[in-house]
Amino acid sequence: MNAALRDLARWVRPEATGTALHETDATFDFGLADWDRDGRPDLVALKKSNTGTNSTEVHILGG
Ligand SMILES: [Ca+2]
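Under this note's numbering, think of the first position of the sequence shown as 1, with each following residue one higher.
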């Protein structure tokens with residue numbers, strides 16, 4: 001397991017329902033992690049299927 005996946009394993013699921021994001025489907029999973037380790041939580045979106053690259057994609061949305 002690489003370092004990025006260890007970070008994903010520490011995700012805390014956000015409870016907020018209103019975001020600036022477009023609607024997503026069940027292929028997305030979201031969490032908060034301090035991805036760049038600057039001390040502020042970053043919103044992370046994990047797209048698990050139906051990606052253009054045919055592999056899991058990780059999108060960092062904040063920081
Ligand atoms: Ca951060």
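Built from N, CA and C at the ideal position, the CB exists for glycine as well.
Just so we're clear, the structure is a prediction, and the values are computed from it rather than from any experiment.
With 7 Å as the limit, the residues whose C-beta approaches any heavy atom of ligand 1 more closely are Asp-34, Trp-35, Asp-36, Arg-37, Asp-38, Gly-39, Arg-40, Pro-41, Asp-42, Gly-63, in sequence along the chain. Around the C-beta of Val-44, 16 or more other C-beta atoms lie within 10 Å, and the residue is accordingly described as buried. Between the C-alpha atoms of Asp-25 and Leu-46 there is a straight-line separation of about 11 Å. In this structure, the alpha-carbon of Ala-33 lies about 16 Å from that of Glu-57.
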